[in-house]
Amino acid sequence: MEYKNLVPAAFDLSPYRFGMPQQSGPMTVVPVFGLDRQTGFTGPMSGLKLSRVTGYGSMELANPGETGVAIVPLHMGYIQDQAQNHALCRSAFIAAGQKLLFEDACCVQAAQGGYLEGREQWFFILPVQLRDRALQLRGEPGYSKLWGDIAVLNQQFGLPDRGHLEQIITKQRSFLTQYQSRLELLPGQTGALFLINHKLAGIEIAPSAAYFAEMWMPLTCFCYGTAAMYLEQKTPPKTAEIAPLSARNLAELRQQLEESRTQLRQSVQNDLAQTPKEMFEITEEERFLEMRLHTASGENFAGQFVAEDGQVLYASIFAKPHYLNN
Amino acid sequence: MDASKFLQHLQQWEEPFTLGRSDSGPSFNDEAIHQGAYTHNPEMYALYSLAPGVPPSQQVRILFQLLRSSRAGMAPEMRRTLERVTTFLLKAIDPDAVLTVFLSLRRVRANHKHTTKAILGYILNHPHCLELAGSRRPAVVDCLEHASGKNPTRASAKMLLGTKPAEETYLHRHLLKFGRDAEAVKSLFGYLYGEERYGGNGDYRGEYLRYGALLQARVERPATITATNRGDISATLVHIYRGGSSPELQVGLDNYVVAAAKELPRFDGKVALVLDASASTRGYGQREFCNISQSVALQLLLEQCCTSLEVVTVGGAGRIPQPEGTTDLALALISALEGEPDLVAIASDGYENLYPGDLARVAATLPQLGIDTPVVFCHSKFTGSDDLSQRRPAPHLPQLEFWHENDFENVLVTLFSMAKPQLSEPGLRQFFLAKLERLLAIG
């Protein structure tokens, strides 16, 4: 499929191939296939370790590997029972053998004592509704800086307006985690376009298929899944009468099905075509050898990406709430 | 009502079978369904009482129907089956419910020879007959006097109590030929009609509870479900999926499949299986490979049980497919139907993500194509309590569920019962007859 001209033109998507869109409820995923760099990059789940939390809002990650660099996924967070859950506001590079202290992390669980320790946690990516604010808050100290936005999000879900993100992503976990099965990761897939309710909600690109496989659940279930779940809870699907096709035999049925699928693919293309062109303001944040970590900020979309010699290695570009909700 | 609908009725209709104080017969509002099914095929009707998931309230109805109906003109082989099913039901049903059936037979004045034999055989040979008589004395007397006749029963009682000269031939014809132990019968009558006082504990349900516990013990239902306690076949497949390559695993798998298939029905027709081996069937964490393993277990058993099986795999490929790719069940169903099968089973986790709604649309279109082949959606689950709310891509198709190997009996019985009777009945009959003997051999 030809989507490369339909997404915000912050970087060149022409090296990528796009798969057939998958849909479940209000979420559509267009699989992205790019260069699968099987060495050199540490997986966010298998490689990155939360080594300690030194205080509220300070979180240290380690890359205990011997080779390769870890690109810390944008807005990665950790959940652990009996501890105050934290999330990061930015991406970063962590070389093999290195530890990195994030002093601008944000606590996502108000009024919960205890620090995260490097055991029995699972990681998530912040819900897409919170990502713009979190990105704006990168570099700023203050562990409670995201509590107000979390409280607003909780209100939208009809939950107590507290700075407790776990009210959504932990208590609704059994529903949210179904998105990773409702939508399926494909072999060799290195990224995805996420659409919510027919609008582009995010572009996620990973340096390798293995890296993206580790991102699949946090992205599908917790980042974009929360937005999809909100819509599903707000307007539960109606059990409408299913209209049969007009075929008179199996051959015709097969043909009509193919035609209807072509229409569906076209409709996803049309949805993407409605995405307004963006002029991003690009800011370099960090370097690692030849790699550059940039922040991209536009009117409707924002995010961060890593490029090397003009090639995108990692990208996490998301829609801002006002675009997604209007 | 066809066999599958009757089976579904038996499994889902749980209203009680009751007998009021008036002179009318028992009250059960699906009486016409039972009479219709019995008239259509008495033997299969009786055998369906052995199907998985048939509640006691329905077994009670079948017992009543079997005992109220005449067997005049029935082939000896069929009579024997009905006798054996009656024997099983009398062991498996709560004694109080059995007495309700007997009293109901009295109300509807059913006194065929097999009715008499069943009532007298049950009461006179009951392992706790004195306790039964002690607790349910009026009911037991009514049942005996209905079965043997009021005058013959009372005359026999006088003979047994010595208040009337004993006529051995008379006693034998009306009473003793139905009891295995003449002294026990005498003791029972001494209590029911004489001065003898009962000194037991009133527990007449012990044997029924013991037999019930033995039946329950046949079916493993683990309290905590793991990847390897959902049946031997899927447990072995999980190890293979995790990378186990030792020859013992393959040998074990083959043996488990053959052993399990021995206790499952055969189907002498053509079955198509749409096997969902898409990425989601891999699962994750502690459930990894559980879903695909149980679906493949179904496939391996169908290979053993069906004369012809065509497998249309969705996603991964191969006999033990690696779960990968998207879920396109609609085109797979069309491919399956192009082979003109007698039955189609779709084994899936229910997550349809590529063109959602297409399976339902294809299923809805089949009637106008003149295709009446039964298509059954078989949900592959991790536990019995999995949430299927997001996993019903074709809610108008008949649905079955399985998570443990034990569930395959119900899946196959229900699936096969949906096919034309000439294809399904021979295999189901043989299966139920063999199961009947296994159940009777217990305890």
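Chains as they are written, first to last, in the working numbering: chain A, 1 to 326; chain B, 1001 to 1443.
Using N, Cα and C, we set each Cβ at its ideal position, and we do this for glycine too.
Residue i in three-state terms, based on DSSP
| i | result |
| --- | --- |
| residue 317 (chain A) | strand |
| residue 1196 (chain B) | coil |
| residue 1158 (chain B) | helix |
| residue 1245 (chain B) | coil |
| residue 1050 (chain B) | helix |
| residue 282 (chain A) | strand |
| residue 1309 (chain B) | strand |
| residue 1212 (chain B) | helix |
| residue 1170 (chain B) | helix |
| residue 1432 (chain B) | helix |
| residue 94 (chain A) | strand |
| residue 8 (chain A) | Because the pLDDT of residue 8 (chain A) is 49, which lies under 50, any placement of that residue in the model is unreliable, and the question is left without a value. |
| residue 1289 (chain B) | coil |
Beta carbon proximity, residue i to chain B, threshold 7 Å
| i | result |
| --- | --- |
| residue 181 (chain A) | yes |
| residue 64 (chain A) | no |
| residue 187 (chain A) | yes |
| residue 242 (chain A) | yes |
| residue 126 (chain A) | no |
| residue 46 (chain A) | no |
| residue 314 (chain A) | no |
| residue 253 (chain A) | yes |
| residue 247 (chain A) | yes |
| residue 263 (chain A) | no |
| residue 24 (chain A) | yes |
| residue 250 (chain A) | yes |
Residue from the options whose Cα sits closest to the Cα of residue i
| i | options | result |
| --- | --- | --- |
| residue 1112 (chain B) | B:1087, B:1417, B:1089, B:1149 | B:1149 |
| residue 1186 (chain B) | B:1154, B:1305, B:1059, B:1378 | B:1154 |
| residue 187 (chain A) | A:213, A:181, A:178, A:193 | A:213 |
| residue 1239 (chain B) | B:1056, B:1290, B:1109, B:1105 | B:1290 |
| residue 230 (chain A) | A:39, A:157, A:284 | A:157 |
| residue 248 (chain A) | A:257, A:241, A:242 | A:257 |
| residue 163 (chain A) | A:177, A:170, A:178, A:146 | A:146 |
| residue 1426 (chain B) | B:1029, B:1264, B:1182, B:1126 | B:1264 |
| residue 37 (chain A) | A:18, A:21, A:69 | A:69 |
| residue 1356 (chain B) | A:14, A:23, A:15 | A:23 |
| residue 1428 (chain B) | B:1045, B:1192, B:1120, B:1092 | B:1045 |
| residue 1116 (chain B) | B:1123, B:1134, B:1147, B:1131 | B:1147 |
| residue 102 (chain A) | A:51, A:222, A:161 | A:51 |
| residue 1328 (chain B) | B:1036, B:1247, B:1347 | B:1347 |
| residue 1287 (chain B) | B:1364, B:1420, B:1224 | B:1224 |
| residue 1321 (chain B) | B:1275, B:1172, B:1251, B:1209 | B:1275 |
| residue 107 (chain A) | A:99, A:89, A:122, A:100 | A:89 |
| residue 42 (chain A) | A:322, A:225, A:64 | A:64 |
| residue 1377 (chain B) | B:1091, B:1181, B:1351 | B:1351 |
| residue 1229 (chain B) | B:1343, B:1006, B:1382 | B:1382 |
| residue 1313 (chain B) | B:1326, B:1301, B:1195 | B:1326 |
Residue-level contact to chain A via CB, residue i, 7 Å cutoff
| i | result |
| --- | --- |
| residue 1322 (chain B) | no |
| residue 1353 (chain B) | yes |
| residue 1435 (chain B) | no |
| residue 1224 (chain B) | no |
| residue 1365 (chain B) | yes |
| residue 1293 (chain B) | no |
| residue 963 (chain B) | Outside the displayed range of chain B (1001 to 1443) lies residue 963 (chain B), so it cannot be described from this structure. |
| residue 1393 (chain B) | no |
| residue 1369 (chain B) | yes |
| residue 1360 (chain B) | yes |
| residue 1298 (chain B) | no |
| residue 1093 (chain B) | no |
- Query: Below 8 Å, can you find three or more Cβ-Cβ pairs linking the region 1037-1049 of chain B to the region 1066-1074 of chain B?
  - Reply: yes
- Message: Could you tell me which whole beta strand (DSSP E) segments of length 3 or greater appear in the region 131-218 of chain A?
- Response: 191-196, 199-205
- Considering only residues of the region 1061-1136 of chain B, which uninterrupted alpha helix (DSSP H) runs meet the minimum length of 4 residues and lie entirely inside it, listed in chain order? 1076-1092, 1095-1107, 1113-1124, 1129-1135
- Message: Between the region 1404-1417 of chain B and the region 1014-1025 of chain B, can you find at least three pairs of beta-carbon atoms closer than 8 Å?
- Response: no
- Message: For the region 1011-1018 of chain B against the region 314-325 of chain A, do three or more pairs of beta-carbon atoms, one drawn from each stretch, fall closer than 8 Å, so that the two count as touching?
- Response: no
- Message: Across the region 1283-1300 of chain B and the region 1225-1242 of chain B, are there enough close Cβ pairs to call them in contact, namely three or more that are closer than 8 Å?
- Response: yes
- Query: What residues from the region 1245-1279 of chain B come within 9 Å of chain D, judged by C-beta to C-beta, listed N to C?
  - Reply: The structure shown contains no chain D; its protein chains are A and B.
- Query: Does the count of Cβ pairs from the region 1098-1108 of chain B and the region 1138-1146 of chain B closer than 8 Å reach three?
  - Reply: yes
- Spell out a yes or no on whether the region 1322-1337 of chain B and the region 1251-1262 of chain B are touching, meaning 3 or more CB-CB pairs, one atom from each, closer than 8 Å. no
- Could you pull out every unbroken alpha helix (DSSP H) segment of at least 4 residues lying fully inside the region 1026-1050 of chain B, listed in chain order? 1031-1040, 1042-1047
- Message: When you compare the region 205-220 of chain A with the region 270-278 of chain A, are there three or more beta-carbon pairs, one atom per stretch, that lie closer than 8 Å?
- Response: no
- Can you list, in chain order, the stretches of the beta strand (DSSP E) that have 3 or more residues and sit fully within the region 1300-1349 of chain B? 1306-1315, 1343-1348
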